[in-house]
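These notes concern the structure reproduced below.
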Amino acid sequence: MPISPVSKKTPKTIADFPGLQELNPAMRPEEARVESNRCLTCFDAPCIAACPTHIDIPLFIRQLQTADPMGSAVTILEANPLGHSCARVCPVEALCEGSCVYQQWHEKPVEIGRLQRYATDHLHDARVQPFSAGKDIGKRVAVVGGGPSGLSCAAYLRRLGAAVTVFEAKPMAGGLNTYGIAEYKLSRPEVLDEVELVLDLGADVRFGKRVGKDIPFDRVLREFDAVYLGVGLGPGHDLDVPGEHLSGVYEALAFIEYIKHHDFGAIPPGRTTICIGAGNTAVDVVTQAKRMGTPKVVMAYRRGPEEMPAYEYEYDLAKGDGVEFLWHVVPVKVLGKRSVEGMRFARAASKDGKLTVVKGSEFDVPCDRVVKAIGQQAHGATLRKLSGLDLDAKGRVVVDPATLRTSNKKVWAGGDAVNGGKEVVNAVADGKRAALSIYRAVTGKTPGPEHAYWISTIEGRGKAHGSAKALAY
Amino acid sequence: MAPRKHSHTKRKPLKKLAPEPDLSSDCAGIKSPNPFWLASAPPTNSGPQIMRAFDYGWGGAVWKTLGEDPAVVNVTSRYGAIDIGGQKIAGFNNIELITDRPLADNLKEMAEVKKRYPKHAVVASLMVPCERKNWHDIVKRVEDTGCDGLELNFGCPHGMSERGMGAAVGQVPEYIKMVTEFVKEVARTPVLVKLTPNITDVRFAARAAKAGGADGVSLINTINSIMGVDLDTLTPKFAVGGLAAHGGYCGPAVKPIALNMISQIANDPETRGLPISGIGGVSAWNDAVEFMLLGSANVQVCTAVMHYGFRIVEDMRAGLVSWMRRQGFTKLDDFIGHSAPAVVEWKNLNLHHKTVAKIDADKCIECDLCYIACQDTAHQCIVRPVDTGKKGPRSRVPSVIEEDCVGCNLCSLVCPVDQCITMAPVPTGHKPLTWEQYTKNGFTGYKEVYKRYHTPEKTK
Numbered sequence: 001m002p003i004s005p006v007s008k009k010t011p012k013t014i015a016d017f018p019g020l021q022e023l024n025p026a027m028r029p030e031e032a033r034v035e036s037n038r039c040l041t042c043f044d045a046p047c048i049a050a051c052p053t054h055i056d057i058p059l060f061i062r063q064l065q066t067a068d069p070m071g072s073a074v075t076i077l078e079a080n081p082l083g084h085s086c087a088r089v090c091p092v093e094a095l096c097e098g099s100c101v102y103q104q105w106h107e108k109p110v111e112i113g114r115l116q117r118y119a120t121d122h123l124h125d126a127r128v129q130p131f132s133a134g135k136d137i138g139k140r141v142a143v144v145g146g147g148p149s150g151l152s153c154a155a156y157l158r159r160l161g162a163a164v165t166v167f168e169a170k171p172m173a174g175g176l177n178t179y180g181i182a183e184y185k186l187s188r189p190e191v192l193d194e195v196e197l198v199l200d201l202g203a204d205v206r207f208g209k210r211v212g213k214d215i216p217f218d219r220v221l222r223e224f225d226a227v228y229l230g231v232g233l234g235p236g237h238d239l240d241v242p243g244e245h246l247s248g249v250y251e252a253l254a255f256i257e258y259i260k261h262h263d264f265g266a267i268p269p270g271r272t273t274i275c276i277g278a279g280n281t282a283v284d285v286v287t288q289a290k291r292m293g294t295p296k297v298v299m300a301y302r303r304g305p306e307e308m309p310a311y312e313y314e315y316d317l318a319k320g321d322g323v324e325f326l327w328h329v330v331p332v333k334v335l336g337k338r339s340v341e342g343m344r345f346a347r348a349a350s351k352d353g354k355l356t357v358v359k360g361s362e363f364d365v366p367c368d369r370v371v372k373a374i375g376q377q378a379h380g381a382t383l384r385k386l387s388g389l390d391l392d393a394k395g396r397v398v399v400d401p402a403t404l405r406t407s408n409k410k411v412w413a414g415g416d417a418v419n420g421g422k423e424v425v426n427a428v429a430d431g432k433r434a435a436l437s438i439y440r441a442v443t444g445k446t447p448g449p450e451h452a453y454w455i456s457t458i459e460g461r462g463k464a465h466g467s468a469k470a471l472a473y
Numbered sequence: 474m475a476p477r478k479h480s481h482t483k484r485k486p487l488k489k490l491a492p493e494p495d496l497s498s499d500c501a502g503i504k505s506p507n508p509f510w511l512a513s514a515p516p517t518n519s520g521p522q523i524m525r526a527f528d529y530g531w532g533g534a535v536w537k538t539l540g541e542d543p544a545v546v547n548v549t550s551r552y553g554a555i556d557i558g559g560q561k562i563a564g565f566n567n568i569e570l571i572t573d574r575p576l577a578d579n580l581k582e583m584a585e586v587k588k589r590y591p592k593h594a595v596v597a598s599l600m601v602p603c604e605r606k607n608w609h610d611i612v613k614r615v616e617d618t619g620c621d622g623l624e625l626n627f628g629c630p631h632g633m634s635e636r637g638m639g640a641a642v643g644q645v646p647e648y649i650k651m652v653t654e655f656v657k658e659v660a661r662t663p664v665l666v667k668l669t670p671n672i673t674d675v676r677f678a679a680r681a682a683k684a685g686g687a688d689g690v691s692l693i694n695t696i697n698s699i700m701g702v703d704l705d706t707l708t709p710k711f712a713v714g715g716l717a718a719h720g721g722y723c724g725p726a727v728k729p730i731a732l733n734m735i736s737q738i739a740n741d742p743e744t745r746g747l748p749i750s751g752i753g754g755v756s757a758w759n760d761a762v763e764f765m766l767l768g769s770a771n772v773q774v775c776t777a778v779m780h781y782g783f784r785i786v787e788d789m790r791a792g793l794v795s796w797m798r799r800q801g802f803t804k805l806d807d808f809i810g811h812s813a814p815a816v817v818e819w820k821n822l823n824l825h826h827k828t829v830a831k832i833d834a835d836k837c838i839e840c841d842l843c844y845i846a847c848q849d850t851a852h853q854c855i856v857r858p859v860d861t862g863k864k865g866p867r868s869r870v871p872s873v874i875e876e877d878c879v880g881c882n883l884c885s886l887v888c889p890v891d892q893c894i895t896m897a898p899v900p901t902g903h904k905p906l907t908w909e910q911y912t913k914n915g916f917t918g919y920k921e922v923y924k925r926y927h928t929p930e931k932t933k
């Protein structure tokens with residue numbers, strides 16, 4: 001598939017960008033049959049342990065083997081209400097597929113991600129809601145943030161019978177799934193399908209409301225029995241160099257958001273884009289810039305490729321797209337009068353892990369766009385307004401890892417706001433763990449047997465699997 | 474592959490799943506929370522194993538066959554398997570005998586299991602010499618445990634049969650009837666008679682069980698088998714110190730044999746309505762459904778559990794629930810036996826029914842397996858453009874000469890692509906005609922719906 005626009009006219013729609021369309025295609029039924037039958041159905045399987053939401057992977061694959069794709073989807077969504085997007089965005093090479101026993105044979109692992117997608121596509125195509133809200137327990141929970149973590153927490157809390165209000169700053173829920181993940185990995189309609197399935201359980205959503213800004217924390221603490229903070233991270237880090245204010249300098253997530261809105265007119269390809277940073281978000285920036293037709297795209301990083309934070313397969317993708325790399329450089333200045341004309345770098349030397357700038361090594365690279373992808377700041381400044389909430393030095397919320405409860409006994413937290421920025425699947429796992437803890441705290445009870453299955457997936461079913469924990473559907 | 478189609482503008486509302494159907498099962502008066510039982514075999518060798526299985530969700534268990542003390546002695550090297558391609562354990566075989574544990578130990582555990590799992594079905598499989606007193610004694614002792622039913626093992630084809638028990642009884646209808654009568658004289662719980670497939674016509678065995686008063690039958694037990702010969706050592710595979718005895722064959726490969734025998738009993742006017750517990754290669758929910766559609770009240774499983782462990786009942790149960798929801802069934806009786814009447818004798822099939830193969834050229838991957846199968850071994854009605862001199866792309870995509878096609882299915886069976894070759898019914902406009910009617914009519918009235926006298930040309 002060509003990665004740059006094939007259309008001669010000014011590109012306007014996603015159809016003009018074949019390279020932005022689904023990188024990892026759906027499986028045909030034959031593929032799913034052959035691939036599912038490669039699964040050995042390991043007991044206490046390493047793939048289950050490697051999945052932060054502990055989906056019973058051999059079980060859902062066996063259900064595909066035995067022609068029960070709907071049951072398979074339910075097995076996935078029981079453990080992970082965002083299994084539809086995780087099937088597309090999870091770094092499976094580092095998680096489930098990376099731990100597949102086939103790896104010990106040096107054989108290709110079972111394609112768990114694509115099989116998972118095959119199952120959840122089936123459920124969404126059939127427009128089935130497999131879950132239902134629990135009987136009202138007379139408790140109200142505020143979920144701050146409608147991203148993966150908040151949605152996960154809301155889904156389980158609704159199943160447990162709590163009244164849930166989600167406060168979401170943006171006009172749509174889904175968080176980074178909706179606004180910040182490469183289009184070729186996950187398109188917005190898929191995200192919104194999944195969001196709809198969660199919100200259909202009866203969560204009330206207040207869009208455009210920032211807790212701590214539009215609504216004070218005190219009010220939320222007063223009006224609700226418990227609060228879950230799934231606020232993710234805030235604005236991107238600044239480069240702290242002159243010229244950062246120039247037109248043509250973007251934060252990575254803002255740049256990606258234009259693509260997610262299909263607002264291609266706002267980000268014309270230009271001639272050269274330089275991306276500062278070498279994490280997974282940076283790769284989403286450079287590959288998509290390339291796929292939108294920018295002839296020269298450069299990724300600049302202060303260390304070498306062996307230390308880049310992006311996964312290896314992400315690096316391979318960027319290389320395959322023809323991205324160029326500047327290793328061991330630090331940004332010195334964004335050049336230009338009103339808009340970006342270039343970037344000045346200096347060489348960086350590393351000694352015992354410490355970086356030093358090599359004097360007199362400065363050089364300029366002409367460009368018409370600079371994208372900053374050097375990580376996001378925690379919401380420390382806002383969260384400090386929440387009384388009794390302990391934050392660490394980086395502004396991340398401090399929690400008890402077993403329950404995700406914070407130092408404020410009415411408040412739980414999870415996802416990026418706690419871990420500083422991990423995968424969607426980690427955020428979902430946190431939302432699930434917190435939902436159970438919140439239920440126990442506000443009711444003083446243990447959930448009924450109809451919840452035994454998903455609860456067993458919090459710590460992983462492991463060897464206990466099967467002990468009176470038959471699927472609850 | 475095209476991305477999933479989205480029509481966010483005109484989307485259907487989300488559908489709720491139908492309420493969970495009732496899986497509670499009754500086989501010959503033995504009740505269980507679902508129709509999935511463990512068959513009498515190594516997985517049911519002890520109380521702890523059975524209790525663990527119940528925790529996973531099994532509805533019942535037939536205890537590994539109990540006999541008289543002193544308990545039997547087993548050999549080491551007991552199981553064998555055949556793998557077909559990538560499929561491990563397509564067929565399985567064993568020469569293990571009945572339980573080798575003392576009767577008292579088994580009975581004590583059986584009582585304990587019943588006490589802890591009162592709603593689950595615990596069935597005792599029995600095998601003792603063919604004397605009234607022996608059977609009376611063991612039935613009374615076993616029923617004192619509180620078990621829910623008895624299964625008379627007249628099926629075990631190896632070892633025990635040499636001693637006049639197991640299949641040696643099941644192969645003689647008079648013995649089946651006699652021993653069943655012995656048991657029924659004293660039994661207080663339902664009695665299932667487990668039948669052997671190592672017999673000419675299983676209906677005679679089922680009729681004898683019914684005549685003896687059996688409340689139901691369970692089948693099939695295992696099939697006489699030798700699993701192969703090691704080509705390096707020249708000794709039979711899975712031998713005991715270089716010598717092998719025939720064993721009992723089971724697993725996925727035997728399912729069609731079991732399905733036939735079950736439908737025979739379900740449709741036999743003399744045994745119709747006799748409850749059947751289906752056994753033979755049940756590995757997943759869909760196998761179980763097929764057994765039940767052909768007349769089994771429930772199913773018993775062994776090989777699949779020996780391959781993967783008790784946990785497979787989770788997907789069996791979930792799959793059955795999904796399927797019943799799709800079909801709109803709310804209880805097992807809605808479909809048990811549903812398809813059995815559609816199994817008839819050959820002479821009742823419609824000779825005027827016609828199907829032909831259709832190849833979907835868009836799906837074809839040009840492996841040409843259908844072509845060579847039809848050309849060499851069936852009815853020479855598939856052709857390829859490339860053979861008529863055509864060159865270029867897609868010239869290997871075969872097509873069917875429909876007027877020559879006899880509708881045999883072979884091409885669709887060898888095709889590796891789902892739904893690429895389908896068998897389409899072709900209306901002939903002729904009234905149905907069976908072989909029975911045709912012969913009654915003096916071999917007249919048949920309309921030649923396919924080319925019967927076709928002699929292929931020799932390939933040049």
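Sequence order for the protein chains is D and E.
Using the numbering used here, read the first sequence as starting at 1 and increasing by one per residue.
Using the numbering used here, read the second sequence as starting at 474 and increasing by one per residue.
Glycine included, C-beta positions come from ideal geometry on N, C-alpha and C.
Under the assumption that phenylalanine 565(E) contacts threonine 708(E) (Cβ atoms under 8 Å), give the Cβ distance between them as a whole number of angstroms.
-> Actually they do not touch by this definition, with Cβ atoms about 20 Å apart.
What's the call for valine 166(D), buried or exposed, on a 16-neighbour Cβ count within 10 Å?
-> buried
Can you pull the DSSP bridge partners for arginine 206(D)?
-> Looking at the DSSP assignment, arginine 206(D) forms a beta bridge with Phe167(D).
May I have the straight-line CA-CA distance separating methionine 600(E) from glutamine 644(E), to the nearest angstrom?
-> 15 Å
Ignore the nearest five residues each way along the sequence and tell me which others in cysteine 42(D)'s own chain have a CB closer than 8 Å to its CB.
-> The answer, listed in chain order, is Pro58 and Val101.
Tell me whether methionine 474(E) sits in a helix, a strand or coil according to DSSP, three-state version.
-> Model confidence at methionine 474(E) stands at a pLDDT of 46, short of 50, so the residue's coordinates are unreliable and nothing is read from them.
Does DSSP classify methionine 896(E) as helix, strand or coil?
-> strand
Check whether the Cβ atoms of methionine 172(D) and isoleucine 274(D) sit closer than 8 Å, and answer yes or no.
-> At the C-beta level, methionine 172(D) and isoleucine 274(D) stay beyond 8 Å of one another.
Any idea if histidine 593(E) is buried or exposed, counting beta-carbon neighbours within 10 angstroms, 16 or more meaning buried?
-> buried
Between the Cα of lysine 409(D) and those of Gly320(D), Leu221(D), Glu307(D) and Trp105(D), spot the shortest distance and give me the residue it belongs to.
-> Leu221(D)
Could you give the distance in angstroms between the alpha-carbon of phenylalanine 363(D) and the alpha-carbon of leucine 239(D)?
-> For phenylalanine 363(D) and leucine 239(D), the distance between alpha carbons rounds to 17 Å.
So, is glycine 19(D) buried or exposed, given that buried needs 16 or more other C-beta atoms within 10 angstroms?
-> Glycine 19(D) comes out buried.
Short check: CB of glycine 71(D) to CB of aspartate 760(E), under 8 Å?
-> no
Where does phenylalanine 916(E) land, buried or exposed, given buried means 16+ other C-beta within 10 angstroms?
-> exposed
Work out the CA separation of arginine 798(E) and alanine 491(E) for me, nearest whole Å.
-> Alanine 491(E) and arginine 798(E): Cα-Cα distance of roughly 6 Å.
Comparing the C-beta of alanine 757(E) with each C-beta of chain D, is any distance below 8 Å?
-> yes
Measure from the C-beta of lysine 933(E) to each C-beta in chain D and report whether the shortest distance is under 8 Å.
-> Low confidence applies to lysine 933(E): its pLDDT is 45, below 50, so where it sits in the model is not reliable enough to give any reading.
Residues bridged to glycine 265(D) (per DSSP) = Paired residues: none, contrary to the question.
Pick from Asp136(D), Asp352(D) and Lys296(D): whose alpha carbon is nearest that of leucine 326(D)?
-> Ranked by Cα distance from leucine 326(D), the first of Asp136(D), Asp352(D) and Lys296(D) is Lys296(D).
Show which residues of chain D have a CB atom less than 8 Å away from the CB atom of serine 519(E).
-> Within chain D, no residue comes near serine 519(E); the closest Cβ sits about 17 Å away, beyond 8 Å.
For aspartate 741(E), go through chain D and note every residue whose CB falls closer than 9 Å to its CB, in chain order.
-> Going along chain D, no residue has its Cβ under 9 Å from aspartate 741(E), so there is no contact; the nearest lies around 31 Å.
Please compile the residues from chain D whose C-beta is within a distance smaller than 7 Å of the C-beta of leucine 625(E).
-> By Cβ distance, chain D contributes nothing, its closest Cβ being about 31 Å from leucine 625(E), past 7 Å.
Taking only beta-carbon positions, decide if valine 890(E) is within less than 8 Å of chain D.
-> At least one chain D Cβ lies under 8 Å of valine 890(E).
Can you grab the Cα-Cα spacing for the pair glycine 83(D) / alanine 49(D), in whole Å?
-> 16 Å
With C-beta atoms as the reference, is asparagine 80(D) less than 8 Å away from threonine 53(D)?
-> yes
Under three-state DSSP, which class holds asparagine 697(E)?
-> strand
Measure the CB-CB distance between valine 399(D) and leucine 389(D) and report whether it falls below 8 Å.
-> no
Is glutamine 63(D) buried or exposed, if buried means 16 or more other CB atoms sit within 10 Å of its CB?
-> Buried.
Nearest to lysine 920(E) by alpha carbon, out of Val817(E), Leu824(E) and Pro543(E)?
-> Leu824(E)
Which class does valine 397(D) belong to by DSSP, given the choice of helix, strand or coil?
-> strand
Would you decide whether alanine 470(D) is buried or exposed? Buried here means 16 or more other CB atoms lie within 10 Å of its CB.
-> Reliability fails at alanine 470(D), whose pLDDT of 40 lies under 50, so the model's placement of it is uncertain and no value is given.
Alpha carbon to alpha carbon, how far is isoleucine 276(D) from valine 370(D)? Give it in angstroms, no decimals.
-> Distance between the alpha carbons of valine 370(D) and isoleucine 276(D) is about 7 Å.
Would you say valine 659(E) and lysine 613(E) are within 8 Å of each other, going by their C-beta atoms?
-> yes
Do the CB positions of isoleucine 137(D) and threonine 443(D) come within less than 8 Å of each other?
-> yes
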